[in-house]
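**Student:** Residue numbers (the numbering used here), protein chains in the order written: chain E, 4 to 263; chain B, 4 to 263. Don't be surprised by glycine CBs; every beta carbon is placed ideally from N, CA and C. A quick note: this is a predicted structure, and the numbers were derived from the prediction, not measured.
Protein chains: 2
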Amino acid sequence: MQAESGAVRYRLTLEYDGSRFSGWQRQAPGVVTVQGVVEQALERLCGHPVLLVGAGRTDTGVHAKGQVAHFDTTCARAPEVFVRALNVLTPPDVTVLDAAEVSAGFNARRAAWREYLYRIFARRAAPALERARVWHHPGRLDLEAMNQAAQRLVGKHDFSAFRAANCQSLTPVREVSLAELRVVGDEIHFVIRANAFLYHMVRNIVGSLVVTGRGRWSPERFDEVFHSLDRKQAGPMAPAQGLYLMRVHYADPAGNLPLS
Amino acid sequence: MQAESGAVRYRLTLEYDGSRFSGWQRQAPGVVTVQGVVEQALERLCGHPVLLVGAGRTDTGVHAKGQVAHFDTTCARAPEVFVRALNVLTPPDVTVLDAAEVSAGFNARRAAWREYLYRIFARRAAPALERARVWHHPGRLDLEAMNQAAQRLVGKHDFSAFRAANCQSLTPVREVSLAELRVVGDEIHFVIRANAFLYHMVRNIVGSLVVTGRGRWSPERFDEVFHSLDRKQAGPMAPAQGLYLMRVHYADPAGNLPLS
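(1) How would you list, in chain order, the residues of chain E whose beta-carbon sits under 8 Å from the beta-carbon of B:THR98?
(2) Below 8 Å on the Cβ atoms is my contact criterion, and I expect B:SER131 with E:GLU18 to pass it. Report the Cβ-Cβ distance as a whole number of Å.
(3) At a Cβ cut of 7 Å, what residues of the region 139-166 of chain B count as close to chain E, listed as they run along the chain?
(4) Might you give, ordered along the chain, the residues of its own chain that have their beta carbon closer than 8 Å to the beta carbon of B:HIS270, omitting 5 neighbours on each side?
(5) List the residues of chain D that E:ASP20 touches, going by C-beta distances under 8 Å, in chain order.
(6) Using a Cβ cut-off of 9 Å, which residues of the region 47-70 of chain B contact any Cβ in chain E, in chain order?
(7) Quick one: what's got a C-beta closer than 8 Å to B:THR93's C-beta in the same chain, skipping five residues either side?
(8) Please go through the same chain and pick out, in chain order, the residues whose beta-carbon is closer than 7 Å to the beta-carbon of B:VAL209, but skip the five residues on each side of it.
(9) Of all the CB atoms in chain B, is at least one closer than 8 Å to the CB of E:ASN169?
(10) Listed from N- to C-terminal order along the chain, which residues in the region 184-205 of chain E have their beta-carbon within a distance smaller than 7 Å of any beta-carbon of chain B?
(11) Taking three-plus beta-carbon pairs below 8 Å as touching, is the region 137-154 of chain B in contact with the region 199-216 of chain B?
(12) In angstroms, rounded to a whole number, what distance separates the CA positions of B:LEU2 and E:VAL137?
(13) Quick check on B:ALA148: does DSSP put it in helix, strand or coil?
(14) For E:ALA182, I'd like the list of residues in its chain whose CB is within less than 6 Å of its CB, leaving aside the five on either flank, ordered along the chain.
(15) If you check the beta carbons only, do B:ALA128 and B:ARG234 fall under 8 Å apart?
(16) Express the C-alpha separation of E:MET149 and E:LEU184 in angstroms, rounding to a whole number.
(17) Where does B:SER211 land, buried or exposed, given buried means 16+ other C-beta within 10 angstroms?
(18) On the CB-based measure, 16 or more other CB atoms within 10 Å of its CB, does E:GLU83 come out buried or exposed?
(19) If I measure Cβ to Cβ from B:ALA58 and keep anything under 6 Å in the same chain, skipping five residues before and after, which residues do I get?
(20) Going by DSSP in three states, B:SER221 sits in which element: helix, strand or coil?
(21) Please return the same chain residues whose Cβ sits closer than 7 Å to the Cβ of E:GLN38, not counting the five positions on each side in sequence.
(22) Leaving out five residues on either side along the sequence, give the residues of the same chain with a beta carbon under 6 Å from the beta carbon of B:TRP220.
(23) Closer than 8 Å by beta-carbon distance: list the chain B residues that pair up with E:PRO95, in chain order.
(24) Can you look up E:SER180 in the DSSP assignment and give me helix, strand or coil?
(25) By the 10 Å Cβ neighbour count, where 16 or more other Cβ atoms means buried, how is B:ARG177 classified, buried or exposed?
(26) Is E:GLU133 helix, strand or coil by DSSP?
(27) Are B:ALA164 and B:GLN244 touching if we call contact CB-CB under 8 Å?
(28) To the nearest angstrom, report how far apart B:GLN151 and B:HIS66 are at their CA atoms.
(29) Beta-carbon of E:SER90 versus every beta-carbon of chain B: anything under 8 Å?
(30) Tell me whether B:LEU259 is buried or exposed, calling it buried when 16 or more other Cβ atoms sit within 10 Å of its Cβ.
(31) For the putative contact between B:THR76 and B:ALA10, defined by C-beta atoms under 8 Å, what is the C-beta separation to the nearest angstrom?
(32) Is the CB-CB distance between B:SER22 and B:GLY64 below 8 Å?
(33) What whole-angstrom Cβ distance do B:LEU246 and B:VAL187 have, given they're in contact under 8 Å?
(34) So, helix, strand or coil for B:GLY26, using DSSP?
Structure below.
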């Protein structure tokens with residue numbers, strides 16, 4: 004959608020703790036969502052109803068360190084004023100990291116790629132401090148096998164095997180440009196970058212990577228499951244609390260290029 | 004104290020999220036403390052009242068990644084059984100990382116040194132995800148000046164300037180073997196190691212280091228305040244939520260050496 008005439012479009016970058024939220028997307032009244040609380044703050048600030056369009060519709064319990072969203076307002080202000088005022092008006096589990104005025108050609112949904120992080124806490128004893136931030140997996144995981152499996156994801160593929168039953172995307176094809184696991188202290192971090200993601204795609208992939216890491220599947224078996232395009236063959240879905248939307252990248256972050 | 008005859012002494016290593024606790028030390032009934040909840044779990048397990056002696060009496064809201072404690076029981080079990088059973092019986096914000104049988108010569112209080120970490124979140128925007136785990140300082144901090152100041156702490160000194168008014172230690176002299184700051188992402192981490200600590204010592208030091216980092220004091224002024232031995236000259240105390248008891252080191256972790 005284009006900005007109304009007389010309206011100015013802004014891009015926001017947001018960090019949030021997903022624990023308390025029923026995801027990003029505004030729902031029925033009374034359901035607390037990130038989009039909902041930020042729209043409420045924007046309405047108080049702008050004096051008119053505001054529609055906030057997010058790059059990624061993160062699910063219930065999923066966190067973000069770099070969600071991007073845009074909105075239009077007829078009440079233009081310096082971007083710095085939006086950052087300061089929104090951080091006063093939003094609850095402490097949502098932080099606005101950045102605001103910028105963009106042209107009407109910018110649309111938060113039209114990202115070149117998104118990057119997600121999934122944190123697996125791989126120590127035997129459960130984490131007391133990080134318990135709402137990671138998935139605790141007490142057993143040993145074979146990082147080498149998991150990385151071999153993850154490499155199969157890179158490229159343009161049909162991700163039907165890792166797609167939620169109620170996913171509403173028109174096509175199951177996505178292009179993954181990065182998929183790797185590395186050890187960070189007691190944790191295994193899985194980073195995946197793609198042009199876009201299907202509903203529950205990262206958490207379904209992580210579930211199947213962990214089945215591989217536990218030695219129940221070889222990397223070849225992971226690949227067979229992936230190419231079966233059959234969700235029922237995949238592993239159990241990993242929980243939401245380990246997932247972070249880290250970055251959203253745009254070919255044209257200011258929206259200045261002519262629309263093709 | 005020595006173990007009773009017939010009793011076996013165990014050493015526990017503990018991690019906890021201090022947010023919900025009125026510190027380590029057991030207090031009046033109804034006040035939730037870490038010592039209290041672990042002692043309750045041990046009583047259920049051992050069938051008799053248990054006294055848990057901790058290496059560091061962490062304050063309200065202070066976290067631990069490596070607290071050490073000991074207790075005696077007449078109901079001996081494999082250490083592994085204690086780890087598993089305690090992690091079922093204690094709440095999720097307390098985790099037992101390790102248990103070991105030690106001789107009666109071991110006393111958790113008699114540590115060679117303790118190490119604390121203090122996390123300062125130095126980004127302008129408040130942290131949505133780490134908000135209960137760090138001290139947010141939105142302004143710029145001069146790490147070089149802070150490190151110069153911190154170096155003055157190393158060695159055997161009278162720490163009266165950084166001691167709480169109600170500190171009950173017999174002497175204000177402590178020996179610091181390490182005190183350094185480093186940048187970790189958006190955070191500044193202060194690590195300090197000493198034979199022992201006075202009440203509120205780390206948080207008072209961090210408060211004065213931040214005054215230095217803001218440019219209000221030179222490292223020389225920090226040193227003057229330190230050697231004034233006057234708490235009223237020092238900076239404001241840093242909040243509890245950024246502080247972590249990281250490690251407790253013993254010359255004799257099994258308690259086997261003859262007592263001197």
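**Tutor:** Checking against the coordinates, here is how it stands:
(1) ALA128, ALA129, PRO130, ALA131
(2) Per the sequence presented here, residue 131 of chain B reads as Ala, with Ser not at that position. Confirmed, about 5 Å.
(3) none
(4) Because chain B spans 4 through 263 in this model, residue 270 of chain B falls outside it and cannot be assessed.
(5) This model lacks chain D altogether; the protein chains it does include are E and B.
(6) HIS66, ALA67, LYS68
(7) VAL40, VAL41, ALA44, VAL99
(8) TYR121, PHE193, ALA241
(9) no
(10) none
(11) yes
(12) A question about residue 2 of chain B goes unanswered here, because the residues of chain B that appear run from 4 up to 263.
(13) helix
(14) ALA153, LEU156, VAL157, ILE195
(15) no
(16) 7 Å
(17) buried
(18) exposed
(19) VAL71, ALA111, ALA114, VAL251
(20) coil
(21) TRP27, GLN28, ARG29, LEU55, GLY57
(22) VAL214
(23) ALA129, ALA131, ARG134
(24) strand
(25) buried
(26) coil
(27) no
(28) 27 Å
(29) Per the sequence presented here, residue 90 of chain E reads as Asn, with Ser not at that position. Yes, because at least one Cβ of chain B sits closer than 8 Å to the Cβ of E:ASN90.
(30) Strictly speaking, residue 259 of chain B in this sequence is Asn, with Leu absent from that position. With fewer than 16 Cβ atoms within 10 Å of its Cβ, B:ASN259 is classed as exposed.
(31) 6 Å
(32) yes
(33) The pair is not a contact, with the Cβ atoms about 16 Å apart (cut-off 8 Å).
(34) coil
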